[in-house]
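Colleague: Structure incoming, see below.
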Amino acid sequence: MVTTDRALPLPEERVAPGRARRLPLGGLVLVVLALVVLYPLWEIARISLLDVEEVNSPDAAVWPPTFRAYVEAWTGVAFPRYFLNSVVVTLAVTVGSTLTAILAAYAFARATFPGRDVLFLAVIGTLMIPNHITLIPNYLTFAKVGLLDTFVCLILPFLASGFSVFFLRQHMMTIPRSLDEAARMDGAGPWMILWTIIVPLSWPAIAVVALFAFMSQWNEFIWPLLATTSEEMRTVQIGLRYLLRDEEAAIPDWPLVMAGTMITLVPLLIAYVFAERHLIRGITMGSFR
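The working numbering numbers the first residue of the sequence shown as 1156 and each following residue consecutively.
Listed below in structure tokens is the structure:
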């Protein structure tokens, strides 16, 4: 019997043909797409740091930067008031619409009552109704009760969302009912089951719904434009239009408008940073079930 101390060679790892090429190519495509998405943000930031005369100049440099446009955007018009109004309205709509979506989705996912499926189909049907169709009915309704140009008329129409209800309901349907039955055996009622079991297990989906509601309401323009008449109730998106003061000027003050745009982007970026982890989990969770 012959023995040897030499280690046997390990089999070479085989790589699928073309795989080594596809991975760098896919990364390159992602980099190009990221640059395409980020380029408008770079242009907005760059123009906001220029003087009016430098906007169309090919030799314009952003260094040293000038923050003249940011100072004028914040102090030239009632921009702080517009910003505060948007914060109040957006937070109220985000919290309110998310809460109503949780309650409605829980009822559709767990409760049993006559007409439940028909009512859920009606909720889904609202997704096919363009928002602009409801503008005139909402305006006439609030005008009749004297609530135009108030926070109530800016918040109330957005406290229910068919998409949010549908999204949360579909997620809650994936939560095992055995958890509900175990909680009932311990004496828990529907309300306790919702807040101690369903909601903690649905945080990723709730974060997605809340972030979408925040972004949608922060960028809302048409309804605040129709429903408000006083400067004290205007929102930040309407305030951006006021920054373009003199359209007849030979060179519009685009740095001023871009500076206001950068200011309005800050809350969206902050919201995304805090919700990014839950956002990715909430959108992709269905792929792992």
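Each residue gets a CB set at the ideal place from its N, CA and C atoms; glycine is no exception.
How is the alpha helix (DSSP H) around G1394 delimited, first residue to last?
Modeller: 1391-1398 is the extent of the alpha helix (DSSP H) around G1394.
Colleague: Whole angstroms is fine: what's the gap from R1223's alpha carbon to M1417's?
Modeller: Spanning the two alpha carbons is a distance of roughly 14 Å.
Colleague: Assuming S1241 and V1391 form a contact by the criterion Cβ under 8 Å, report the distance between their Cβ atoms to the nearest whole angstrom.
Modeller: Correct: roughly 4 Å between the Cβ atoms.
Colleague: W1409: which of P1219, Y1225, L1190, S1316 sits nearest, CA to CA?
Modeller: That would be Y1225, whose Cα lies nearest to the Cα of W1409.
Colleague: Just the Cα atoms here: how many angstroms apart are L1334 and V1243?
Modeller: Roughly 37 Å between the two C-alpha positions.
Colleague: Determine, using beta carbons only, whether V1273 and G1317 come nearer to each other than 7 Å.
Modeller: Result no, Cβ atoms of V1273 and G1317 do not sit closer than 7 Å.
Colleague: Can you tell which of M1388, L1423, L1399, T1351 has its C-alpha closest to the C-alpha of P1235?
Modeller: Comparing Cα-Cα distances from P1235 to each of M1388, L1423, L1399, T1351, the minimum goes to M1388.
Colleague: Does the beta-carbon of M1328 have 16 or more other beta-carbons within 10 angstroms, so that it is buried, or is it exposed?
Modeller: Per the 10 Å Cβ criterion, exposed.
Colleague: Output the boundary residues of the alpha helix (DSSP H) element that contains I1377.
Modeller: It spans 1377-1382 - the alpha helix (DSSP H) in which I1377 sits, taken as one unbroken run.
Colleague: Does the Cβ of E1431 have 16 or more other Cβ atoms within 10 Å, making it buried, or fewer, making it exposed?
Modeller: The residue is exposed, with fewer than 16 neighbouring Cβ atoms inside 10 Å.
Colleague: Do A1260 and R1324 have their CB atoms nearer than 7 Å?
Modeller: Yes, these two residues count as a Cβ contact at 7 Å.
Colleague: For the putative contact between I1377 and L1290, defined by C-beta atoms under 8 Å, what is the C-beta separation to the nearest angstrom?
Modeller: So it is a contact: roughly 7 Å between Cβ atoms.
Colleague: Curious, which full-length alpha helix (DSSP H) runs of at least 4 residues does the stretch 1312-1386 contain?
Modeller: Listed in chain order, the complete alpha helix (DSSP H) runs (minimum 4 residues) inside the stretch 1312-1386 are 1317-1327, 1332-1340, 1345-1348, 1358-1373, 1377-1382.
Colleague: Rounded to whole angstroms, what is the Cα-Cα separation between L1336 and W1346?
Modeller: The residue you asked about is not Leu; residue 1336 is Glu in the sequence shown. Between E1336 and W1346, the C-alpha separation is close to 14 Å.
Colleague: Give the straight-line distance between the Cα atoms of L1349 and V1184, rounded to the nearest whole angstrom.
Modeller: The straight-line gap from Cα to Cα measures roughly 43 Å.
Colleague: Between the alpha carbons of F1443 and L1366, how many angstroms are there, rounded?
Modeller: Caution is warranted here: a pLDDT of 43 is assigned to F1443, below 50, making its placement in the model unreliable, and no coordinate value can be reported.
Colleague: Taking the alpha carbon of S1385 as the point to measure from, which residue in G1280, Y1237, N1286 has its own alpha carbon closest?
Modeller: Nearest of G1280, Y1237, N1286 to S1385, Cα basis: Y1237.
Colleague: Determine the closest residue to L1380 out of Y1397, A1368, T1419, with distance taken between C-alpha atoms.
Modeller: For the residues Y1397, A1368, T1419, the minimum Cα distance to L1380 belongs to Y1397.
Colleague: Are the Cβ atoms of L1314 and S1357 separated by less than 7 Å?
Modeller: No, these two residues do not count as a Cβ contact at 7 Å.
Colleague: So is A1189 buried or exposed if we call it buried at 16+ other beta carbons inside 10 Å?
Modeller: Exposed: under 16 other Cβ atoms inside 10 Å.
Colleague: With DSSP as the reference, label V1307 as helix, strand or coil.
Modeller: Three-state result, V1307: helix.
Colleague: Exposed or buried, what is F1275 when buried is set at 16 or more other beta-carbons lying within 10 Å of its beta-carbon?
Modeller: Buried, since its Cβ has 16 or more Cβ neighbours within 10 Å.
Colleague: Are the beta-carbon atoms of A1266 and S1319 separated by less than 7 Å?
Modeller: For A1266 and S1319, no; Cβs fall outside 7 Å.
Colleague: Please classify M1156 as buried or exposed, where buried requires at least 16 neighbouring CB atoms within 10 angstroms.
Modeller: Any answer about M1156 is weak, because its pLDDT of 48 lies below 50 and its placement is not dependable; what the coordinates show is given next. By the 10 Å Cβ count, M1156 comes out exposed.
Colleague: Using a 10 Å radius around the Cβ and a threshold of 16 neighbouring Cβ atoms, would you call F1297 buried or exposed?
Modeller: It counts as buried.
Colleague: Quick one: Cα of D1206 to Cα of I1199, how far?
Modeller: So the alpha carbons of these two residues sit roughly 13 Å apart.
Colleague: Using the C-alpha atoms, what's the distance from L1180 back to I1519?
Modeller: Examination of residue 1519 is not possible in this model, given that the chain is present from 1156 through 1444 alone.
Colleague: Starting from F1263 and walking both ways along the alpha helix (DSSP H), at which residues does that stretch end?
Modeller: Note, F1263: alpha helix (DSSP H), 1234-1265.
Colleague: Starting from the Cα of T1351, find the closest Cα among F1322, A1338, A1362 and give me that residue.
Modeller: Closest option to T1351, Cα to Cα, is A1338.
Colleague: How would you label L1295, buried or exposed, when you count the other beta carbons within 10 angstroms and need 16 or more for buried?
Modeller: L1295 is exposed by the Cβ-count criterion.
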